[in-house]
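J.: The structure's right below; bear with me while I get my questions together.
Residue numbers (the UniProt record's numbering): 1 to 136.
Here you go:
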C-alpha cells in the first residue's frame with residue numbers, strides 16, 4: 001500500500017541543493033527579464049508618446065504658419081483690389097471732369113454755330129432785300 005517509495009513520489013520530487021539554486025537563479029533571471037521587458041516597453045511607450053506629442057505640436061505650428069500665409073495672400077489680393085478700386089474711381093472722376101469740359105465746349109460750339117447760322121440767315125435776308133430794292 002503506502003510504501004516509503006510511493007510516499008516520496010506522492011510528496012513531490014525533492015530537488016538537490018544545486019538544482020534548487022539553479023531554479024532560483026532561473027526564476028530570478030526570468031523575473032529580471034520580465035521586469036526588463038516591462039521597463040523597455042514603458043520606456044518605448046513614453047518615447048513614442050513624446051515623439052507623437054512633438055509631431056502634433058509641429059503639425060499645429062505648420063498649420064498656423066500655413067493659415068498665416070493664406071491670410072496674407074488673401075489680404076494682399078484684397079489690398080490690391082482696394083488700390084485698383086481707388087485708382088479706377090480717380091480715373092472716373094478725371095473722366096467726368098473731362099466729359100463736363102467737352103460738354104461745355106460742345107455747348108459753346110453749338111452756340112457759335114447757331115450764331116453764325118443766324119448771321120448767315122440775316123445776311124441772306126439782307127442780300128435778298130438788297131436785290132429786291134435794286135429791282136424796284
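Idealized CB from N, CA, C, for every residue including glycine. Here the structure is a predicted model, which is why all the values come from computation and not from measurement.
Looking only at its chain, what residues have a beta carbon closer than 7 Å to the beta carbon of residue 122, apart from the 5 residues adjacent to it on each side?
T.: None.
J.: Measuring only the C-alpha atoms, how far is residue 66 from residue 85?
T.: 28 Å
J.: Taking all protein chains shown into account, decide if residue 99 is buried (16 or more other Cβ within 10 angstroms of its Cβ) or exposed.
T.: exposed
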